[in-house]
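Quick notes on the structure that follows.
Chains as they are written, first to last, in our numbering: chain G, 1 to 115; chain D, 1001 to 1115.
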């Protein structure tokens, strides 16, 4: 169990640019989640995959955001035409099983700063 | 809909004294409840989880929490605080109210430990 890995750890970019983050979940975990955390707040759910299928998207996930998990392993989160309000920590989590009581294991996050 | 309320945004204790972090939840179904801890610029680490077995749940690092259905509470306690316990703590609920698999986080409690 090498844990959930996220890259990059930090991303600084100018407003209007596109950014892409990667998440590698724990290898046997079939579920993968993306969350966004702004300063002083708890994480907020963005989207969720079971294997390669994206099963749920939050209203927070505007049309500038897209997430993929093409082979049911790693996932990418892309933000197009970034805005100041996109500045946040983006957290990825993974879990195993079909029940909601299975704990989610989090990566260390990608901190995005928009100049 | 499910929700969770952390009653204190900041708690300060002296090293060696007890810790109490308060959490109340709302859920139409029997919830799964978790406590996570987050150290600065890091992801979230699972402290403990409640999944309808024993109402007193023991976690890592000496933390424990008691599920009280009549009070809809899931408070986190530790008999003796250590300097390394200083961090942000999140009470989290997961359930089937809306068929969602994602976690709903409280707003967090920042624990300070004074020497």
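Here a beta-carbon is modelled for each residue, glycine too, at the ideal position from N, C-alpha and C.
Between the CA atoms of residue 12 of chain G and residue 1066 of chain D - distance to the nearest angstrom = 42 Å
ask   = What first and last residue would you give for the beta strand (DSSP E) that runs through residue 89 of chain G?
value = 88 to 95
ask   = Which class does residue 1012 of chain D belong to by DSSP, given the choice of helix, strand or coil?
value = strand
ask   = Where does residue 1003 of chain D sit, in a helix, a strand or coil, going by DSSP?
value = strand
inquiry  = When you compare the CB of residue 1073 of chain D with every CB in chain G, is at least one pair closer than 8 Å?
reply    = no
inquiry  = For residue 1104 of chain D and residue 1114 of chain D, I'd like the C-alpha separation in whole angstroms.
reply    = 30 Å
task = Let me know if residue 1016 of chain D comes out buried or exposed under the rule of 16 or more other beta-carbons within 10 Å of its beta-carbon.
result = exposed
inquiry  = So that I know if they touch, is there some Cβ in chain G lying closer than 8 Å to that of residue 1081 of chain D?
reply    = no
query = So which of G:107, G:31, G:36 has the shortest CA-CA distance to residue 78 of chain G?
reply = G:36
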